[in-house]
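Residue numbers (the numbering used here): 125 to 212.
Glycine included, every Cβ here is placed at the ideal spot set by N, Cα and C.
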């Protein structure tokens, strides 16, 4: 399997997990959704002003930036699923 195929396969798996998670959260009780939404909102911004768009991520920061980005995407997808849209 080429690196491009591996990346495409991983991206497909990530999208599947993201969509499944959004649907599970959308089907959860309102109080659970609200608590998770609050938690997600708190995870989207890096601490200590590290969300600076001009910053160059180092090796250690790359995972944290990817994590923050993925949580933001999950949050937006959950909002879409709750609003009737399943785009992802």
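Exercise. Rounded to a whole number of angstroms, what is the C-alpha to C-alpha distance between residue 186 and residue 141?
Worked result: 21 Å
Exercise. Roughly how many angstroms lie between the CA atoms of residue 198 and residue 188, to the nearest whole one?
Worked result: 15 Å
For this session: Just the C-alpha distance for residue 166 and residue 159, rounded to the nearest angstrom, thanks.
Result: 11 Å
Exercise. Among residues of its own chain, excluding the 5 on either side of residue 200, which ones have a beta-carbon nearer than 7 Å to its beta-carbon?
Worked result: none
Exercise. Roughly how many angstroms lie between the CA atoms of residue 146 and residue 184, to the nearest whole one?
Worked result: 28 Å
Exercise. How close, in whole Å, do the beta carbons of residue 206 and residue 132 come, if the pair is a contact with beta carbons under 8 Å?
Worked result: Between residue 132 and residue 206 the Cβ distance is about 29 Å, and since that is not below 8 Å, they are no contact.
Problem set entry | Contact check, residue 195 vs residue 164, beta carbons under 8 Å | yes
Problem set entry | Bounding residues of the alpha helix (DSSP H) (the contiguous stretch that carries residue 192) | 183-206
For this session: For the alpha helix (DSSP H) containing residue 151, list its first residue and its last residue.
Result: Residue 151 -> no alpha helix (DSSP H), and no H or E assigned at all.
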